[in-house]
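K.L.:
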Amino acid sequence: MNSFSPTEDTIAAIATAVSPGQGSIAVIRISGSSAIEITKTIAHIPGKHDWSSHKVLYGHITEENRKKYIDEVLILVMKGPRSFTGEDVVEIHCHGGIIPVQKILERILAFSSVRRAEPGEFSQRAVLNGRLSLTQAESISELVSARSRKAAELAINGIEGNIQTTIQSIRKRLIEQLTEIEARIDFEEDLPLLDEKHVKNEIVAIKKDLNELIDNAKRGSWVRSGLKVALAGKPNVGKSSLMNRLSKQEKAIVTDLPGTTRDILESEIVLEGIPVTFIDTAGLRDTKDIIEKIGISRTKKTLIHADLIILIFDYSSGWANEDESILKELPINIPLLIVGNKSDLTNDQSFEKVPQYILKKENLVIISAKTGNGENDLINNLLKKCGSSQTHGLDIALNERQLDLAKSTTESLDNINKVFDENLPWDFWTIDLRQAINYLGELTGEDLTESLLDNIFSKFCIGK
Ligand SMILES: Nc1nc2c(ncn2[C@@H]2O[C@H](COP(=O)(O)OP(=O)(O)OP(=O)(O)O)[C@@H](O)[C@H]2O)c(=O)[nH]1
Ligand SMILES: [Mg+2]
462 MNSFSPTEDT IAAIATAVSP GQGSIAVIRI SGSSAIEITK TIAHIPGKHD
512 WSSHKVLYGH ITEENRKKYI DEVLILVMKG PRSFTGEDVV EIHCHGGIIP
562 VQKILERILA FSSVRRAEPG EFSQRAVLNG RLSLTQAESI SELVSARSRK
612 AAELAINGIE GNIQTTIQSI RKRLIEQLTE IEARIDFEED LPLLDEKHVK
662 NEIVAIKKDL NELIDNAKRG SWVRSGLKVA LAGKPNVGKS SLMNRLSKQE
712 KAIVTDLPGT TRDILESEIV LEGIPVTFID TAGLRDTKDI IEKIGISRTK
762 KTLIHADLII LIFDYSSGWA NEDESILKEL PINIPLLIVG NKSDLTNDQS
812 FEKVPQYILK KENLVIISAK TGNGENDLIN NLLKKCGSSQ THGLDIALNE
862 RQLDLAKSTT ESLDNINKVF DENLPWDFWT IDLRQAINYL GELTGEDLTE
912 SLLDNIFSKF CIGK
């Protein structure tokens with residue numbers, strides 16, 4: 462584990478989301494050596510006081526003059542090391558609502574031995590005190606911000622330790638190879654010859670396992686942060702109508718006037734466990750209208766950042782030159798789904814108005830935003846196109862930080878391949894191998910500097 466030890470000061474923060482009228486209970490968390498003493502000073506507990514660990518006390522938090530009550534509370538005392546942070550922790554459960562919570566926190570912060578907790582500082586102390594691994598702490602943060610059931614499921618798996626054990630076991634396999642090689646460098650005569658083929662095979666196998674984790678991380682990031690699906694097309698084809706239908710809300714204004722939508726509108730739904738944000742955009746065309754022009758320029762910027770673009774055309778009037786020009790202008794590296802809308806307006810089954818090369822595209826879906834015909838087909842195609850229907854069986858998903866380190870690890874392992882090919886001495890093998898081991902140690906938190914740790918936890922929210 463890390464060699465540095467946590468600071469001595471006691472920290473306090475509101476651990477629950479607090480807004481007026483929302484939530485009847487709030488929790489204030491205090492952690493550190495003076496947590497219990499401070500609470501004893503500010504609380505009035507009737508009858509017998511039992512401040513032993515893991516017991517609940519009933520009472521009131523008093524104003525500074527101890528004459529008036531701020532709020533009626535339950536106090537939970539957890540003595541270290543049997544607490545979240547590993548230190549003495551007190552949780553004060555008071556009524557929700559900004560005023561009592563903030564007054565109690567202010568009362569606590571008035572003591573010189575305590576200060577307001579930085580974002581993520583409780584979790585950071587839990588990691589430093591060995592109560593949690595780094596990836597477990599990150600998974601707690603992900604659980605708190607999960608926006609879909611699948612994201613929550615992945616976070617729980619992380620809290621249970623699956624990221625930690627998977628990466629540790631890969632790291633251990635690399636350490637075994639490093640040890641084998643280093644032993645030959647130091648005591649070549651005393652040991653049997655190095656089985657170079659075995660080392661190479663093992664590195665190939667490890668790289669395969671890492672690459673699988675890297676692929677899964679992409680799907681995991683969709684599950685966590687969701688997919689951005691932009692609806693694009695010429696004016697009046699039914700983009701806003703389709704967004705309203707998919708999100709089951711009358712969010713966007715729909716009229717038969719081309720150029721109705723100017724602002725970018727978003728609407729989120731959860732599909733198969735993945736939060737999908739549909740983005741309605743301004744119809745693309747040449748226009749002199751200043752406001753519409755701004756809308757179109759924003760649309761173009763939005764399209765670049767989408768995970769998927771749905772290009773909508775009016776199926777009843779057929780594929781037009783304008784649709785063709787828009788298709789050509791779309792960013793080529795973003796998956797595309799072509800949707801023929803307004804199918805309710807035509808009985809034409811011969812598809813004559815749509816050119817063969819468009820009809821042959823496997824990603825063509827015909828729908829009616831008005832009747833809902835073809836909607837399921839569209840959703841299935843959308844999920845397939847994003848590869849997100851494969852979230853079944855996905856049970857481990859690295860976050861962005863972990864993914865970067867996994868990628869750096871495979872890069873180091875790739876370098877070893879070059880060293881193999883050039884038949885360089887064993888010393889050269891060890892350089893990249895050691896680097897790969899360090900990256901994985903950084904991932905699990907076993908090989909981290911204090912400033913890196915500060916940086917990771919600063920992205921957590923306050924009270925965590
Ligand atoms: N019959 C029929 N009409 C539709 C369908 N979808 C949209 N419309 C109509 O087409 C017109 C334009 O629809 P919108 O959803 O505003 O089109 P848009 O692509 O958002 O248009 P802009 O915002 O101007 O770019 C409206 O009158 C809708 O009622 C459909 O599937 N069938
Ligand atoms: Mg519109």
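With my numbering as the guide, the letters of the sequence shown map in order to residues 462 to 925. The beta-carbon is built from N, C-alpha and C at its ideal position, and this holds for glycine as well.
Shorter than 7 Å, the distance from the beta carbon of Val715 to the closest heavy atom of ligand 1, or not?
P.N.:
Here residue 715 refers to the residue found at position 254 of the sequence shown. Yes, since a heavy atom of ligand 1 falls inside the 7 Å radius drawn around the Cβ of Val715.
K.L.:
For the beta strand (DSSP E) that contains Val517, what are its first and last residues?
P.N.:
What you label residue 517 is simply residue 56 of the sequence shown in a count that begins at 1. That run of the beta strand (DSSP E) goes Lys516 to Thr523.
K.L.:
For the alpha helix (DSSP H) holding Ile561, just list the boundary residues, first then last.
P.N.:
Working through the sequence shown from its first residue, we reach residue 561 at position 100. Before going on, a small fix: residue 561 reads as Pro here, not Ile. Ile559 to Leu570 is the extent of the alpha helix (DSSP H) around Pro561.
K.L.:
Whole angstroms are fine: how far does the CA of Glu582 sit from the CA of Phe918?
P.N.:
As a working mapping, residue 918 is identified with position 457 in the sequence shown. As a working mapping, residue 582 is identified with position 121 in the sequence shown. Rounded to the nearest angstrom, the two C-alpha atoms are 7 Å apart.
K.L.:
Taking Glu733 as the reference, which of Lys831, Ala612 and Thr477 has the closest Cα?
P.N.:
Within the sequence shown, the letter at position 272 stands for residue 733. Glu733 has its Cα closest to that of Ala612, out of Lys831, Ala612 and Thr477.
K.L.:
Closer than 7 Å by C-beta to Asn834: which residues in its own chain qualify, once you throw out the five before and the five after it? Chain order, please.
P.N.:
Sequence index remark: in the sequence shown, residue 834 carries index 373 (1-based). Contacts found: Ser804, Asp805 and Ile828.
K.L.:
Closer than 8 Å is the cut-off here; do at least three beta carbon pairs connect the region 665 to 680 with the region 868 to 880?
P.N.:
A contact exists between the region 665 to 680 and the region 868 to 880.
K.L.:
By Cβ distance, which residues of its chain are closer than 8 Å to Ala478, with the 5 residues on each side in sequence left out?
P.N.:
Within the sequence shown, the letter at position 17 stands for residue 478. Closer than 8 Å at the Cβ level, and outside the excluded window around Ala478, lie Gly484.
K.L.:
Using DSSP bridges, identify the partner residues of Gln944.
P.N.:
Coverage of the chain is limited to positions 462 through 925, which leaves residue 944 absent and any answer about it impossible.
K.L.:
What number of angstroms, rounded off, separates the C-alpha of Thr748 from the C-alpha of Leu866?
P.N.:
As a position in the sequence shown, residue 748 is number 287, starting the count at 1. As a position in the sequence shown, residue 866 is number 405, starting the count at 1. Straight-line Cα distance between these residues: approximately 47 Å.
K.L.:
Can you list, in chain order, the residues of its chain with a C-beta nearer than 8 Å to that of Asp717? Leave out the 5 residues immediately preceding and following it.
P.N.:
Mapped onto the sequence shown, residue 717 falls at position 256. These residues qualify, in order along the chain: Asn697.
K.L.:
Just verifying my parser: in three-state terms, what is the DSSP assignment at Arg576?
P.N.:
Residue mapping note: residue 576 aligns to position 115 of the sequence shown, counting from 1. Residue state, collapsed to three classes: strand.
K.L.:
Taking Asn672 and Asp856 to be in contact with their CB atoms under 8 Å, please state how far apart those CB atoms are, rounded to whole angstroms.
P.N.:
Translated into positions along the sequence shown, residue 672 becomes position 211. Translated into positions along the sequence shown, residue 856 becomes position 395. About 17 Å separates the two Cβ atoms, so there is no contact after all.
K.L.:
At which residues does the beta strand (DSSP E) containing Lys689 begin and terminate?
P.N.:
If you number the sequence shown from 1, residue 689 lands on position 228. Leu688 to Gly694 is the span of the beta strand (DSSP E), which, as asked, contains Lys689.
K.L.:
Assuming contact is defined by CB atoms lying nearer than 8 Å, are Gly720 and Gly744 in contact in what I supplied?
P.N.:
On the sequence shown, position 259 is the one that residue 720 refers to. On the sequence shown, position 283 is the one that residue 744 refers to. It is a contact, given that the beta carbons lie within the stated cut-off.
K.L.:
DSSP on Glu823, reduced to helix/strand/coil?
P.N.:
Numbered from its first residue, the sequence shown carries residue 823 at position 362. Three-state result, Glu823: coil.
K.L.:
Is there contact here, the region 748 to 759 with the region 775 to 782, by at least three beta-carbon pairs under 8 Å?
P.N.:
The region 748 to 759 vs the region 775 to 782: no contact.
K.L.:
Would you mind working out which of Asn794, Ser682 and Gly520 sits nearest Arg608, comparing C-alpha positions?
P.N.:
Translated into positions along the sequence shown, residue 608 becomes position 147. Nearest of Asn794, Ser682 and Gly520 to Arg608, Cα basis: Ser682.
K.L.:
Whole-angstrom Cβ separation of Ala691 and Ile740, contact assumed at under 8 Å?
P.N.:
In the sequence shown, the residue the question calls residue 691 occupies position 230. In the sequence shown, the residue the question calls residue 740 occupies position 279. That belief holds up - the Cβ atoms of Ala691 and Ile740 are roughly 5 Å apart, short of 8 Å.
K.L.:
Pull the bridge partners of Phe739 from the DSSP assignment, please.
P.N.:
Position 278 of the sequence shown, counted from the start, is the residue given in the question as residue 739. Note: Phe739 sits in a beta bridge opposite Val690 and Ser728.
K.L.:
Relative to the C-alpha of Ser495, which residue among Leu726, Ser606 and Val538 is closest?
P.N.:
As a working mapping, residue 495 is identified with position 34 in the sequence shown. When each option's Cα is compared against that of Ser495, the closest is Val538.
K.L.:
Taking buried to mean at least 16 other C-beta atoms within 10 Å of its own C-beta, is Glu753 buried or exposed?
P.N.:
Numbered from 1 along the sequence shown, position 292 holds the residue referred to as residue 753. That one is buried.
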